[in-house]
Each structure stands twice: as structure tokens, then as C-alpha cells.
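Input: a single structure, listed below in C-alpha cells.
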Amino acid sequence: MGRQVGIVGVGQTRHGKRMDVCYPDLVREAVRAVFEDTGLSPKDIDAVVSGSMPSMMEGVALTQFYFADAMQAVGKPILKTETCGSTGVSIAQTAYYWVSSGMADLVLAVGHEKMNEGDSQATMTTVMEPFYQRYFLAGAPGVFSLQSQEWSVRFNIPADKVREAAARISVNHHDSAANDNPYAHLKLKLSMDDVLNAPIITYPIRLFDVCPNSDGACALIFASESKARKLGLPTAWIKGVGYRGEEQFFGDSDKAVWPSAVEAAKEAYDRAGIRNPRKELDVAEVYNPFTYQEMLFYECFGFCDFGEAPDLVLKGVFSRKGELPICPSGGTLCTNPIGATGLIRTAEAALQVTGRAGPRQVPGAKLALAHAMGGIDQFNGVIILGSEK
Amino acid sequence: MKEYHTIETEVRLPYQLAYGATWTRFFEGLKEEKIYGTRCEQCNRVLVPARTFCPRCFVDTTQWVEVSQEGVLRAYVLTNYSYFAQPLKPPFITGLIRLDGTDVNFMHLVGGFKMDSLEAVQAKVQNGMRVKAVWAKNKTGNILDIRHFKPL
């Protein structure tokens, strides 16, 4: 293991449809916010990591050049990390490796996306090769619906029950986003009936089971232990990271008991010394662009047994006042600027364990999980953050 | 809020992607109404579509196998929305199909019936049902030479 690393600052833009700013100005909004949060300035930063969706989303290639000024990366080493939906967690883990290795003491990590400027689902399909899978998997909804459908049938979960549990998740997250997260994109007040009876996008997934197309950026500063001590800022310590990929073809691995999700979480738990995640974790920011898939993650992450998640959702185990609150930010379901999203999960987890999450704070939270997944159900990354090392 | 201006732009680039030996032979097989996989001699799995190497064992696959045109539907999704340059016109059903004698899920369309309502689809499609390849009349060496898999 390398050096101890902590997150000492968090900056987010207001997320949503941001046609009021050009893309570099949006990135700068998050970067300025993290400097304001920490009192640090660009000259303090040793290195910069950034990332986004594939260039087909941005319409401009190599965004680390486009945003070099907005990120104040000029004259510094810079890396871009890009793993589709899991980009944000990959950026965070890249920054972590950089500081942990001893090669840098302060690293600025920036994730960004302007999804309203391009076509997100057309971009998603370019992740698939054009002679086989691209015909059949209709963007993210196609991929995640196929997976969710397989999972619910595999574990004999009655369709009505899984639909009701998904709707409960949707109502809860939309409530949190609307009431408690000033940065969230969607500010909707939804009833169970609204969600249950929404139009089908890709069966079984309906309109309010799906995240929006968001514009937004997020910036974090990662510090070595000695630097963090010197700065004296509220610090979220990285206790464990895990990341796993799978074969290129969707049909080659099991997506219901999803190996990359199971193993990424296990690696992070092992490093953090976590044995019973549901009991030990105080809050989890699970990457949940789809309500159905969120339940599958509970099971892959060991929050409960396979096939058990919908029952526990309906009992309130994972709601804001439940045993393990999931996404008090409203999550990816209500805000999804993809390249930033995994970093937002990490930011929200860092805010929780430092007691700075405002109205969405889980009282006394000391141990948090942040997660993102990406590609054609190909990648999963998990980070465990703690209030103590 | 004040409305600021935007610019419309597009990126359009031509590509010529090489199939190489394995994909070429697989697609030639489709023209003859044969579905080819390859067997990994190390883990003994039959992989379909055919692969040059086993993704798990990282050894060359050496044995070509004409696989069954029937199998079991493992999962499906009904797509009913559109996006830019979508290759197929919705509604359509994508299935994960475990062809008999193979060890991975083959992805293709499930069809041959009306999809005008969810109820119509649910009456026809269930995980675990058997399906069979239906071939297109004009075959060009493309994955859509299989028109779809029909419920048996």
C-alpha cells in the first residue's frame, strides 16, 4: 500500500441544463468552487486529472486541452481518464494513485459533462463496435433494462413488487434532490402513481426510473496525509478503492450476479477492513441512473442477499431514515452529467463523512461508499471514505 | 434568465474497419445460414460469435464449431424510443440467447410477431422460452443476415 490520501475540498456546479455557459466556463465554475472551499490556489496544485464521456459526447476531442485554462493545468502534469459512466470514480482513483505513490502532494481532479449539447444515447452506442452489438443495445436504457430484466426473473421477483420498489426508490430520490440538494438537476415532486404509470422507455423501465441528461462539473482536491495535516481542512480519508472490468461482449459474463460490481466492492471492503457493509457503512452513494439497477447493486455490494433488495426497499431499509441510507443527494437518478457523476458520488461521500452535507447530511456519518459503473455494463469502481484514517 | 446564442455543428468521419480472419469467416458463415463459434481448448467453452482468442484464457481458439440455430432466451428488452443514427427502427426486442451447446449469451433480435403493445409482447416472450433463427432473404455477410429469432 502507498501513502494515506485524503480529500480536502469539494466543488460542484449547479447541475442541470446549462446553456447559459460555454463548456470551459462550466468547468471553471467547479474549479473555482473547490479553490473557494479550500482556500487553496492553482499554484498550490502539483498535478491535474480530468475526464469526460467519449469525445462523441463533447463534440470536441481531448478535452484536457480544451479545459487546460479552466482547470489551471498549464505548466503542470495532466492526465485524462475516461471509462464512460465510471469516469468520475476512475478520475478519483487516478488522483488517489498519484498522491498515494508519493509523486504528488496535491492533485486536482475534475469531471465534467455537457450532455445537453450532444446526443447521449447516440454517443453511448459508439462505445459498441458497429458490426454486432451496436445494432441491438439501444443506448444506456437498452443495456440496463436488459440487465434488470434478467436479474428480476432470475431471482423470481414478481414484476409488481420490483416495479413498486423501483417506484419507491424514484420517489425518495426525487424528494431528496428537490428538497435537500441545491446542486441537483431535477426538482420534481412525484407521487408513487406518477412513477408507476409513467410511459415505458425500454421495458421494464419507465420515464421516472431513468436519469436526466445533465450538464455539470465537479472538482475535488486530493492531498497526502502530511499536506492534509498541514492544511487543517476537514478531510475525508480514502480507506479503500476497488475497480474491475469485464469482457467486451455483454453476453460473455453474468450481468445479474455482476462480477465486476461484486469484486470491485470486495476489493474496496478488504482494503478498508469492512466485513458487514450494511452494518458498518453509514451512507452509500451508489451510481443509480436506473432505479431497477440500483437494487441489483445493493445485492452485488453485499448490502443484502440476491433477490432480497426489493423487499428491503419496501421496508425502508435503504431510505433516508433507514439502516443504510442510499444517495441522500438524490443520486445519479436526478443528476447525471456523466463524466462528473462518479466524482459527484465521491464528493457527496466526502461531504457526508466530514459532516458538511447540509440538509442531506446523514447524522454522524463516519464511513461512506462511493460508486460508479460504466461502459456496456463493463466497469465498476468503488471507493470507501472515512472520517478517520 | 437571459438566452445566449448557440452554434450548430457536427462531426462526420468515414471509417473502414478491418474484420480480420475471424470476423470475416463468421460473417461468411451467416451468408450460408450457418452460425459459427470457436472452442477454447483450455477452458473448453464454445464462444459465439467466433473469437480469435478466448477472452479468459488468452489462448488462440483453434477449433471452429457450427453451433445450433436454436437456444433458450435468457433475457430481453423491448426498445421503444429513438435517438440519432439509431441503426434499427423501434419498437424492437433485443434478446440474450444461449444457443444450444454454447457457453456465452448470443445477442440478437427476438421477433416475428406484433409489438404494438407491451401486453402483446409479454404474451409472446418469456425468459426461458426456446427460440430459433429466422434468416433474411438477401444475405450480405452482416449480423442482420439473421433477421431475428422467433419463439418456438
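These protein sequence lines are chains E and C, in that order.
Position one of the first sequence corresponds to residue 18 (this note's numbering), numbered consecutively onward.
Position one of the second sequence corresponds to residue 497 (this note's numbering), numbered consecutively onward.
Where a beta carbon is used, it is the ideal one built from N, C-alpha and C, also for glycine.
query, result
"Where does the unbroken alpha helix (DSSP H) through TYR40 (chain E) begin, and where does it stop?", "40-55"
"Does ASP192 (chain E) come out as helix, strand or coil in the three-state DSSP assignment?", "helix"
"Cutting at 7 Å between CB atoms, please list the residues of its own chain near ALA281 (chain E), excluding the five before and the five after it.", "GLY259, TYR260, ARG261, ASN397, GLY398, VAL399"
"On the DSSP letters alone, give me the boundaries of the beta strand (DSSP E) that GLN559 (chain C) sits inside.", "559-563"
"Quick one: what does DSSP say GLN29 (chain E) is sitting in, helix, strand or coil?", "strand"
"Quick check on THR219 (chain E): buried or exposed, where buried means 16 or more other Cβ atoms within 10 Å of its Cβ?", "buried"
"Could you check whether PHE602 (chain C) and THR589 (chain C) sit closer than 7 Å to each other, using their CB atoms as the reference points?", "Before going on, a small fix: residue 589 (chain C) reads as Ile here, not Thr. For ILE589 (chain C) and PHE602 (chain C), no; Cβs fall outside 7 Å."
"Please state the DSSP three-state secondary structure of LYS97 (chain E).", "strand"
"When DSSP builds the beta bridges, which residues end up paired with GLU302 (chain E)?", "E:ALA387"
"Which whole-angstrom value is the C-beta distance of GLY347 (chain E) and ASN198 (chain E), which I expect to be below 8 Å?", "5 Å"
"For a cutoff of 7 Å on Cβ pairs, would you count PRO551 (chain C) as touching chain E?", "yes"
"For ALA629 (chain C), which three-state DSSP category applies?", "strand"
"Going by beta-carbon coordinates alone, are PRO345 (chain E) and VAL370 (chain E) separated by less than 7 Å?", "no"
"Can you list, in chain order, the residues of the stretch 216-227 of chain E whose Cβ is nearer than 9 Å to any Cβ on chain C?", "PRO216, ILE217, ILE218, THR219, TYR220, PRO221, ILE222"
"What whole-angstrom Cβ distance do GLY356 (chain E) and GLY105 (chain E) have, given they're in contact under 8 Å?", "7 Å"
"Indicate whether the contact test is met: 3 or more Cβ pairs, each with one atom in the stretch 286-295 of chain E and one in the stretch 155-170 of chain E, closer than 8 Å.", "no"
"Taking Cβ positions only, does LEU592 (chain C) come closer than 7 Å to chain E?", "yes"
"Could you tell me if HIS190 (chain E) is buried or exposed, where buried requires 16 or more neighbouring beta carbons within 10 angstroms of its beta carbon?", "buried"
"Kindly list, in the order they appear in chain E, the residues whose Cβ is closer than 7 Å to that of THR575 (chain C).", "ALA155, GLY159, THR219"
"Using a Cβ-Cβ cut-off of less than 9 Å, list which residues of the stretch 603-616 of chain C approach chain E; keep chain order.", "MET603, HIS604, LEU605, LEU614"
"Spell out whether any CB of chain E is found under 7 Å from the CB atom of VAL568 (chain C).", "no"
"Should LEU96 (chain E) and VAL66 (chain E) be called a contact, given that it needs their Cβ atoms to be closer than 7 Å?", "yes"
"Looking at the secondary structure, which residues open and close the beta strand (DSSP E) in which TRP254 (chain E) lies?", "253-262"
"Run through chain E and tell me which residues come within less than 9 Å of GLN582 (chain C), C-beta to C-beta.", "GLN138, ALA139, THR142, ALA155, GLY156"
"For ILE62 (chain E) and MET120 (chain E), I'd like the C-alpha separation in whole angstroms.", "12 Å"
"Quick check: the stretch 100-119 of chain E against the stretch 37-44 of chain E, are there 3 or more CB pairs under 8 Å?", "no"
"From ALA112 (chain E) to SER118 (chain E), what distance separates their C-alpha atoms?", "10 Å"
"State yes or no: is the beta carbon of GLU280 (chain E) nearer than 7 Å to at least one beta carbon in chain C?", "no"
"Tell me the residue span of the beta strand (DSSP E) that contains GLU130 (chain E).", "123-131"
"Counting only the same chain and skipping the five closest in sequence on each side, list residues whose C-beta sits under 6 Å from that of LYS527 (chain C).", "LYS635, GLY637"
"Mind checking who TYR511 (chain C) pairs with in its DSSP beta bridge?", "Note: TYR511 (chain C) sits in no beta bridge, so no partner."
"Would you call the stretch 315-325 of chain E and the stretch 169-180 of chain E in contact, with 3 or more CB pairs under 8 Å?", "yes"
"In chain E, which residues lie with their C-beta within 7 Å of the C-beta of TYR532 (chain C)?", "What TYR532 (chain C) touches in chain E: nothing, since even the nearest Cβ is about 13 Å away."
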